[in-house]
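Colleague: Dropping a structure here in structure tokens format, bear with me for questions.
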Amino acid sequence: MSADTAPVRFDTKIAVLLRDDLLTWQRLNVTAFLVSGIGTVIPEAIGEPYEDAGGVRYLSMFRQPVLVLTGSGELLRAAHGRAVGRHLPVSVFTSDLFATRNDRDNRAAVRAVATERLDLVGMAVHGPRNAVDKVLKGATLHP
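This is how it looks when you write it as structure tokens:
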């Protein structure tokens with residue numbers, strides 16, 4: 005097998021953990037918001053721009069798959085604590101953000117609540133595969 009056709013195995017993992025009681029539209033919205041933070045602080049997670057055969061260029065995307073998992077609120081709080089404790093890059097989405105309508109209010113809503121009291125509905129994490137696996141222990145793949 006040539007280097008161009010060999011399967012790619014990434015040393016890192018990008019994963020989103022969603023609280024299992026969210027509505028479908030909330031799951032999609034929260035996932036989109038959460039992953040947007042990863043590329044801003046981990047530029048190597050972003051691949052090259054795309055271009056089709058007609059020469060139309062498209063935006064760059066992540067170089068690797070994003071796993072989407074679900075779990076209870078308790079599991080989400082535990083995973084958040086493990087990720088923060090391991091100093092992994094984490095983005096969070098709290099229930100308060102469903103009522104805000106702009107970035108300034110989103111940041112203010114998170115800033116107003118102590119870490120241990122955040123009502124998390126989702127988080128995204130990036131890091132070494134084994135570290136992310138340990139952080140998300142107990143979560144299941146999103147159906």
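Taking the numbering used here, the leading residue of the sequence shown gets 5, the next gets one more, and so forth.
Here a beta-carbon is modelled for each residue, glycine too, at the ideal position from N, C-alpha and C.
Computed from a predicted model, the values in this text were never measured in an experiment.
1. Just mark Lys17 as buried or exposed, buried being the case when its beta carbon has 16 or more other beta carbons within 10 Å.
2. Could you tell me how far apart the beta carbons of Val139 and Ala57 are, in whole angstroms, since I believe they sit closer than 8 Å?
3. Counting C-beta neighbours from all protein chains within 10 Å, is the total for Ala83 16 or more, i.e. buried, or is it exposed?
4. In terms of DSSP beta bridges, what is His130 paired with?
5. By the three-class DSSP mapping on this structure, what secondary structure does Arg13 have?
6. Are the beta-carbon atoms belonging to Ala128 and Ser95 less than 7 Å from one another?
Modeller: Well, looking at it:
1. Taking all protein chains in view, the Cβ of Lys17 is crowded by 16 or more other Cβ atoms within 10 Å, so the residue is classified as buried.
2. With a Cβ gap of about 41 Å, Val139 and Ala57 do not count as contacting.
3. Around the C-beta of Ala83, 16 or more other C-beta atoms lie within 10 Å, and the residue is accordingly described as buried.
4. Ile18
5. coil
6. Yes.
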